[in-house]
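Take any residue in the sequence shown, note its place counting from 1, add 2, and you have its number in our numbering.
In what follows, a single structure is set out as structure tokens and then discussed.
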Amino acid sequence: MTETVNLPDGVVTDNVGLAVLTTLKNYGIDTIFGIPGTHNLEFYRHLEPLGIRAVTARHEQGAGYAADGWSHQSGKPGVVITTSGPGLLNALSSAATAFCESRPMIVLAPGVPLGSEFADVGLLHETKDTLGAAAAVVEWARRVSTPEEAIAAVHDAFELFATGRPRPVYIEIPLNVLEGPGPVGEGLLAAREFSAPTAAGRESIQAAVNVLAEAKSPVILAGGGSIPAGDHLRELAEFLDAPVITTLNGKGAIPESHPLALGSALRFQSAHEVVNNADVVLAIGTKIAEVEMWWGQLEPKGKLIRVDLLESQINKNLEADLGIVGSSASVVPALVQSLTETGADEQRNTPGEERVKKALAEFATEGETFAPDLTAVAKAVAAGVPDNVVISGDSSQICYFGTSTNIPVESAKSFLYMATYATLGYGLPAAIGAKIASPERPVVSVLGDGALMFSVQEFATAVEQGVDIVVVVVDNGGYREIEQNEADRGIPPIGVRLTQPNWPALAEAFGGTGHALADAAELPTLVARAVADGGVQLIHVPLALFQ
Numbered sequence: 003m004t005e006t007v008n009l010p011d012g013v014v015t016d017n018v019g020l021a022v023l024t025t026l027k028n029y030g031i032d033t034i035f036g037i038p039g040t041h042n043l044e045f046y047r048h049l050e051p052l053g054i055r056a057v058t059a060r061h062e063q064g065a066g067y068a069a070d071g072w073s074h075q076s077g078k079p080g081v082v083i084t085t086s087g088p089g090l091l092n093a094l095s096s097a098a099t100a101f102c103e104s105r106p107m108i109v110l111a112p113g114v115p116l117g118s119e120f121a122d123v124g125l126l127h128e129t130k131d132t133l134g135a136a137a138a139v140v141e142w143a144r145r146v147s148t149p150e151e152a153i154a155a156v157h158d159a160f161e162l163f164a165t166g167r168p169r170p171v172y173i174e175i176p177l178n179v180l181e182g183p184g185p186v187g188e189g190l191l192a193a194r195e196f197s198a199p200t201a202a203g204r205e206s207i208q209a210a211v212n213v214l215a216e217a218k219s220p221v222i223l224a225g226g227g228s229i230p231a232g233d234h235l236r237e238l239a240e241f242l243d244a245p246v247i248t249t250l251n252g253k254g255a256i257p258e259s260h261p262l263a264l265g266s267a268l269r270f271q272s273a274h275e276v277v278n279n280a281d282v283v284l285a286i287g288t289k290i291a292e293v294e295m296w297w298g299q300l301e302p303k304g305k306l307i308r309v310d311l312l313e314s315q316i317n318k319n320l321e322a323d324l325g326i327v328g329s330s331a332s333v334v335p336a337l338v339q340s341l342t343e344t345g346a347d348e349q350r351n352t353p354g355e356e357r358v359k360k361a362l363a364e365f366a367t368e369g370e371t372f373a374p375d376l377t378a379v380a381k382a383v384a385a386g387v388p389d390n391v392v393i394s395g396d397s398s399q400i401c402y403f404g405t406s407t408n409i410p411v412e413s414a415k416s417f418l419y420m421a422t423y424a425t426l427g428y429g430l431p432a433a434i435g436a437k438i439a440s441p442e443r444p445v446v447s448v449l450g451d452g453a454l455m456f457s458v459q460e461f462a463t464a465v466e467q468g469v470d471i472v473v474v475v476v477d478n479g480g481y482r483e484i485e486q487n488e489a490d491r492g493i494p495p496i497g498v499r500l501t502q503p504n505w506p507a508l509a510e511a512f513g514g515t516g517h518a519l520a521d522a523a524e525l526p527t528l529v530a531r532a533v534a535d536g537g538v539q540l541i542h543v544p545l546a547l548f549q
């Protein structure tokens with residue numbers, strides 16, 4: 003992750019902006035996302051000399067979401083550089099998303115000069131309390147006052163990402179610090195090595211092994227915090243003969259083609275039954291939050307073992323019978339090793355694969371009954387994409403009724419979504435960032451028409467960056483879910499039936515290629531062709547074709 007950067011010849015070294023960016027480069031950051039502005043140019047001055055790619059979004063929220071997509075694929079924290087005041091505030095929705103989904107991000111911005119805090123004198127971009135605004139949605143927000151404090155803040159951010167729960171941070175550098183001289187020794191800029199999170203205690207591991215060894219029908223519930231376990235999660239599932247059901251952030255924790263994989267199906271009532279009827283539920287790295295519990299909270303009849311990096315999470319939303327505090331990267335292999343040593347691999351009451359086949363059939367029936375049109379669209383898209391595809395989604399019905407369960411993925415870095423914060427406008431910029439980080443993988447964004455309009459301007463970013471992405475926009479004429487909510491409350495349709503642009507023409511106006519689907523049967527072929535052709539491709543899918 004780390005590297006040593008030699009300061010470029012001909013570049014003034016006595017500069018805080020250079021010191022901060024050199025430190026980031028030493029940690030392996032080679033791409034930043036943002037928009038240059040009057041106040042942040044001492045950051046932008048040094049990007050090219052340092053070999054850092056600058057991706058200019060068309061809105062700071064898009065920059066943040068692109069940084070999140072890039073981080074998801076690269077494994078490094080996303081870095082967002084905004085200008086002061088409104089630029090920062092525009093980016094905070096993306097920072098809040100990263101907080102809710104536990105994703106690493108650094109937001110860098112200039113602030114009012116030292117001595118001008120709360121002055122209310124009409125400075126350009128003057129904002130009452132940017133630090134307070136940022137602090138409301140990030141893990142920590144820090145306004146520095148010296149060059150040394152600026153560099154220390156960068157190191158502290160990477161220490162958080164390496165040893166704690168990875169969440170966004172905000173670093174504000176006053177203009178007269180950022181633009182002034184900053185004598186910082188090169189030694190202070192070097193990347194640091196951080197110790198791994200504290201390993202779980204041997205006693206808690208053994209207590210869990212004792213329970214799991216006796217389990218006859220166990221189930222693993224894998225959240226986003228299970229991803230660091232890597233292939234050890236599959237090994238554990240196979241040893242226990244345990245079906246694995248994931249949250250949306252945990253999607254792909256084991257390949258969804260695996261015979262023990264149930265996919266990210268918690269929204270189904272039948273999925274709740276699978277979990278509730280297990281004699282042991284092993285929940286790894288998940289809050290077990292309400293956003294995916296459409297049928298109320300889980301009610302396991304058996305014992306619940308929870309694994310989480312933070313002790314404060316062990317009993318969140320659902321009390322555990324046994325808690326293990328530690329990273330899944332160390333806990334899961336420790337469980338595998340200890341279980342192997344016990345030799346506890348006796349026959350389960352009902353073989354895991356048999357339970358999976360039964361459950362998947364129930365999921366399919368439930369999906370077809372609940373949202374047949376959206377299920378059909380998602381399956382058609384799935385038929386047209388390659389196995390190594392990266393899918394991005396938005397808080398749209400097509401995502402949580404369709405793509406989340408009907409487009410299987412084979413690895414953990416294959417599904418970009420934000421289940422908790424659920425903003426609109428995420429999918430397109432996240433796809434751009436993902437493609438920049440993983441140019442060898444096809445990237446397809448499946449979005450609702452309402453969601454896409456929140457970030458449609460980022461088509462210009464995609465074309466400008468030369469990325470190959472496919473955007474499938476599923477058009478139901480506006481905010482259909484909200485219209486349904488209104489109807490449920492006896493409210494007539496208000497503000498939900500939206501005028502639609504000519505979607506293919508809009509894509510072409512930005513320099514992309516647009517397609518209008520006229521026959522539902524042609525969608526798999528059209529998706530496959532768009533992926534193969536490259537460039538920025540948009541496919542307009544009227545949902546009425548699937549009804």
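Even glycine gets a Cβ: it sits at the ideal position worked out from N, Cα and C.
Exclusion of the five residues before and after E258 leaves G265, P410, V411 and E412 as the residues of its chain whose Cβ lies within less than 7 Å of its Cβ. Beta bridge pairing from DSSP links K305 with V282.
Annotation for S394: L418, G429, A432, A433 and S447 place their beta carbon closer than 6 Å to its own, counting only its chain and skipping 5 residues before and after.
In the three-state reduction of the DSSP assignment, F45 falls in the helix class, which pools H, G and I.
Closest by C-alpha distance to I484, out of S416, P544 and S398, is S398.
Rounded to whole angstroms, T25 and F196 show a C-alpha spacing of 15 Å. For P444, the closest of V391, G404, T165 and P495 by C-alpha to C-alpha distance is V391. Boundaries of the beta strand (DSSP E) around L223: V221 to A224. In this structure L23 is buried. Its beta-carbon is surrounded by 16 or more other beta-carbon atoms within 10 angstroms.
Selection M420, A280, E510 and A331 evaluated against G66 yields M420 as nearest (Cα-Cα).
Runs of the beta strand (DSSP E) lying entirely within the stretch 385-416, each at least 3 residues long, are 392-395 in chain order. Residues of the same chain with a CB within less than 6 Å of the CB of S457, apart from the 5 flanking positions on each side, are G64, G427, L430 and P431 in chain order. In this structure, L284 lies near I307, with their beta-carbon atoms less than 7 Å apart.
Annotation for H517: P506, L528, A532, Q539, L540, I541 and H542 place their beta carbon closer than 8 Å to its own, counting only its chain and skipping 5 residues before and after. Within a 10 Å sphere around the beta-carbon of V123 sit fewer than 16 other beta-carbons, which makes this residue exposed. For W296, the beta-bridge partners assigned by DSSP are G298. P170 is a Cβ neighbour of A97, given a cutoff of 7 Å.
Within the model, the alpha-carbon separation for A192 versus Y29 is close to 8 Å. CA-CA distance, T407 to I256, rounds to 14 Å. Contact between G77 and P199 is absent: CB atoms are separated by about 16 Å, not below the 8 Å threshold. About 5 Å separates the beta carbon of E237 from that of V338, a gap short enough to meet the 8 Å contact definition. Residue burial annotation: S219 is buried, with at least 16 other C-beta atoms found within 10 angstroms of its C-beta. Sixteen is the threshold: when 16 or more other Cβ atoms of the shown chains lie within 10 Å of the Cβ of N92, as they do, the residue is buried. With a cut-off of 8 Å on Cβ pairs, the stretch 36-50 is not in contact with the stretch 158-168, counting fewer than three such pairs.
For the set I229, G182 and A523, the Cα lying nearest the Cα of A384 is the one of A523. Separation of A336 and T85 (C-alpha to C-alpha, rounded to the nearest whole angstrom) is 46 Å.
By the criterion of a C-beta distance shorter than 6 Å, P544 is surrounded in its chain by D477, once the five residues flanking it on both sides are discounted.
Every candidate beta strand (DSSP E) stretch fails here, since none sits fully inside the stretch 338-373 while reaching 3 residues. Beta-bridge pairing by DSSP links P112 to I175. When A159, P112, H157 and E355 are compared, the shortest CA-CA separation from R145 is found for P112. When the beta-carbon positions are compared, T422 and V293 come within less than 7 Å of each other. Here G480 is near L500, since their CB atoms are less than 7 Å apart.
For Q539, the pairing in a beta bridge is given by DSSP as V472 and T515. In the DSSP assignment, A143 falls within the beta strand (DSSP E) that extends over W142 to R145.
Following the DSSP letters along the chain, one finds F35 inside the beta strand (DSSP E) bounded by residues T33 to G36. When DSSP states are grouped into helix, strand and coil, A56 belongs to the strand group.
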